[in-house]
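In the working numbering, the protein residues as written are 1 to 420. Where a beta carbon is used, it is the ideal one built from N, C-alpha and C, also for glycine. Values in this document were obtained by computation on a predicted structure and should not be read as measured data.
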Amino acid sequence: MRLQRFREPFLPTQPPPRGERVLLGLEKWIKGALFSCSMCGNCILQETAYICPMLCPKGLRNGPCGSGSSESCCVEPSRPCIWHHVYDRADRAGQLERLLEIQAPLDWSRVGRETWGTVISEARKRGLISPNQMLQSSEWREQAESMFSQLRQPDWWQGDTHYHPPASFEPVSSLQAALERGEFVITAEIKPPVGSDAYKIEEQGERLFGLIQAANVTQNPMATPRMSCLASCLLLERNGIEPVLQLTARDYNRLALQSEALGAAALGVRNILCLTGDPPTAGRNPAGQLPYDLDATQMLWILRRMRDKGIFLDGREIDKPPDLFLGAAGSPGDPNVNHEALRLEKKINAGAQFIQTQLVYDIDALTRWLEALDKRHLFGKVNILVGIGPLRNARVAKYMQENIPDIEIPSSLIEKIEKS
């Protein structure tokens, strides 16, 4: 099956030098015909089973968003999710572990530019075009891999496949302290009000006071504007409820993310849950911008380095690094739990210290998911919060089963609700 582009190939932000134009046209034609290449100028085809990740409407470069499936994309349901095809092809080729590498956001100065010239120039410097080198196949492959790794991992990023434990294990929030003590922790989800009435968010906090360890405050769910998530967190904190700040890739570019994290830490909001976010097309507003500047894995990588290394994305030192407890989302209902476990390992390697799952109604599915995590030796590296939620009636249960990816509701449970 040929996977089609969601958009036309990118154009360069500045006219390329005259000597580059012929090579640019040739690369665009050949890679477009073979891979539906989007000409992002930051090619990682070797790492994504030779399927262009920029075929994803959101432009995600480290895996699927969790809202799509192999049959349907959450932005354009008539198309398949590109990333599910990447994982399936990599699995068949025995290359699944290559997907663990944490890929950088686009360098927009390279977007729309050719990449072949850069590869050829670097290969010449390393003597990789020499016939004698090529005859030494194992050594040549090793040096070529090192070259491509350097090209796709710029100095300002340096993504890898390794686990990076926190620089300090001292808890920075009561949620982190409770989880690390092994307590059974209960959190709740709170939606900010559709308006500026502070009392509405405070009222929700009052009802939950003393019943929960922390409140997870949603960030513009379903791409619908609500009160600022950070403002809502501050209102809850002032009323004795520890908040978990949601930050979505949809709403934050790389500059805003770093700024918001510093502001949150300064206000005492230490728990941050990094999500991709529902697409702009999910809301009633005129559709917003695609692709996203970041994905959830990249957000975790940036925030972890800010906290542990005290540096911004551009390499500048931070005067006072933020104290953060970082989280990500997981999907126990994913049909392929082995692929989901690898995606979670990637987020944990990037910086996730806790995982908040999608709603779970199938204990067998949860057990399979936990076993898959155990096989990848993830226990001990991350805390897990399992999502549960009441089902109001059978109609709601059927809708969720049919329309929300990765949420499995057993038919026996639906039958019980119908008979009750």
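Exposure of residue i, with buried meaning 16 or more beta-carbon neighbours within 10 Å
{"i": "Arg316", "result": "exposed"}
{"i": "Leu326", "result": "buried"}
{"i": "Trp156", "result": "exposed"}
{"i": "Gly263", "result": "exposed"}
{"i": "Thr161", "result": "exposed"}
{"i": "Ile348", "result": "buried"}
{"i": "Lys416", "result": "exposed"}
{"i": "Lys31", "result": "buried"}
{"i": "Trp301", "result": "buried"}
{"i": "Thr224", "result": "exposed"}
{"i": "Pro15", "result": "exposed"}
{"i": "Ala167", "result": "exposed"}
{"i": "Met54", "result": "buried"}
{"i": "Thr357", "result": "buried"}
{"i": "Lys423", "result": "Outside the modelled stretch of the chain, which goes from 1 to 420, sits residue 423, for which no answer is possible."}
{"i": "Gln353", "result": "buried"}
{"i": "Ser138", "result": "exposed"}
{"i": "Tyr33", "result": "The amino acid at residue 33 is misidentified as Tyr; the sequence shows Ala. Exposed: under 16 other Cβ atoms inside 10 Å."}
{"i": "Ile120", "result": "exposed"}
{"i": "Ser420", "result": "exposed"}
{"i": "Pro243", "result": "buried"}
{"i": "Arg307", "result": "buried"}
{"i": "Ser173", "result": "buried"}
{"i": "Glu345", "result": "buried"}
Contact set for residue i: own chain, Cβ-Cβ below 6 Å, skip 5 residues either direction
{"i": "Ala177", "result": "Pro171"}
{"i": "Ile212", "result": "Ile186, Thr187, Ala188"}
{"i": "Gly25", "result": "none"}
{"i": "Leu11", "result": "Gly112"}
{"i": "Ala341", "result": "Ala372, Leu373, Arg376"}
{"i": "Leu267", "result": "Leu234"}
{"i": "Phe169", "result": "none"}
{"i": "Cys274", "result": "Leu247, Ala296, Met299, Leu300, Ala328"}
Residue i - partner residues in DSSP beta bridges
{"i": "Asn338", "result": "In DSSP, Asn338 forms no bridge with anything."}
{"i": "Phe379", "result": "Val382"}
{"i": "Ile272", "result": "Leu245, Leu326"}
{"i": "Val217", "result": "Ile190, Leu245"}
{"i": "Thr357", "result": "Gly330"}
{"i": "Ile414", "result": "According to DSSP, Ile414 bridges with nothing at all."}
{"i": "Gly387", "result": "Leu359"}
{"i": "Ile311", "result": "Glu317"}
Close Cβ partners of residue i (< 7 Å) along its chain, the five nearest in sequence each way excluded
{"i": "Cys56", "result": "Ile82, Trp83"}
{"i": "Gln153", "result": "Ala104, Gly159"}
{"i": "Arg305", "result": "Ile311"}
{"i": "Glu145", "result": "none"}
{"i": "Ser69", "result": "Cys81, His84, Pro405"}
{"i": "Ala49", "result": "Val86, Arg89, Ala90, Ala93, Gln95"}
{"i": "Glu180", "result": "Pro171"}
{"i": "Ile129", "result": "Ala123"}
{"i": "Arg343", "result": "Gly63"}
{"i": "Gly389", "result": "Leu359"}
{"i": "Asn338", "result": "Ala372"}
{"i": "Leu391", "result": "Ala397, Ile417"}
{"i": "Asp314", "result": "Trp156"}
8 Å contact criterion, which residue i and residue j should meet: CB distance rounded
{"i": "Ile272", "j": "Leu324", "result": "6 Å"}
{"i": "Leu192", "j": "Met227", "result": "Just to set this straight, residue 192 is Pro in the shown sequence, not Leu. At roughly 4 Å, the Cβ-Cβ gap stays under 8 Å, so Pro192 and Met227 are in contact."}
{"i": "Val360", "j": "Val386", "result": "5 Å"}
{"i": "Gly330", "j": "Ala365", "result": "That pair is no contact at about 12 Å."}
{"i": "Thr297", "j": "Gly63", "result": "7 Å"}
{"i": "Pro286", "j": "Asp362", "result": "About 38 Å; that fails the 8 Å criterion."}
{"i": "Thr276", "j": "Asp295", "result": "6 Å"}
{"i": "Cys52", "j": "Cys65", "result": "So it is not a contact: roughly 17 Å between Cβ atoms."}
{"i": "Ala215", "j": "Ile190", "result": "5 Å"}
{"i": "Ser67", "j": "Asp278", "result": "7 Å"}
{"i": "Val194", "j": "Cys233", "result": "Their Cβ separation, rounded to whole angstroms, is 17 Å, which puts Val194 and Cys233 out of contact at 8 Å."}
{"i": "Ala249", "j": "Leu303", "result": "The pair is not a contact, with the Cβ atoms about 12 Å apart (cut-off 8 Å)."}
{"i": "Thr13", "j": "Trp116", "result": "Incorrect: roughly 19 Å between the Cβ atoms, too far for contact."}
{"i": "Gly380", "j": "His164", "result": "Contact doesn't hold; Cβ gap of about 15 Å is too wide."}
Close beta carbons around residue i, own chain, < 8 Å, minus the five adjacent residues each side
{"i": "Glu47", "result": "Arg98, Leu99, Glu101, Gln103, Arg152"}
{"i": "Cys229", "result": "Pro192, Val217, Thr218, Gln219, Asn220, Leu245, Gln246, Leu247"}
{"i": "Glu200", "result": "According to the sequence as given, residue 200 is Lys; it is not Glu. Pro193, listed in sequence order."}
{"i": "Met222", "result": "Asp278, Ala282, Gly283"}
Any non-hydrogen atom of the ligand FAD within 7 Å of residue i CB
{"i": "Glu345", "result": "Absent from the structure shown: the ligand FAD. Ligands present: none."}
With a threshold of 8 Å, are at least 3 pairs of Cβ atoms found where one atom belongs to the region 89 to 100 and the other to the region 370 to 381? no
The region 226 to 246 touching the region 189 to 209, judged by at least three CB pairs closer than 8 Å: yes
Just checking, does the region 248 to 258 make contact with the region 386 to 399 on the three C-beta pairs under 8 Å criterion? no
Between the region 111 to 130 and the region 36 to 47, do three or more beta carbon pairs fall short of 8 Å? yes
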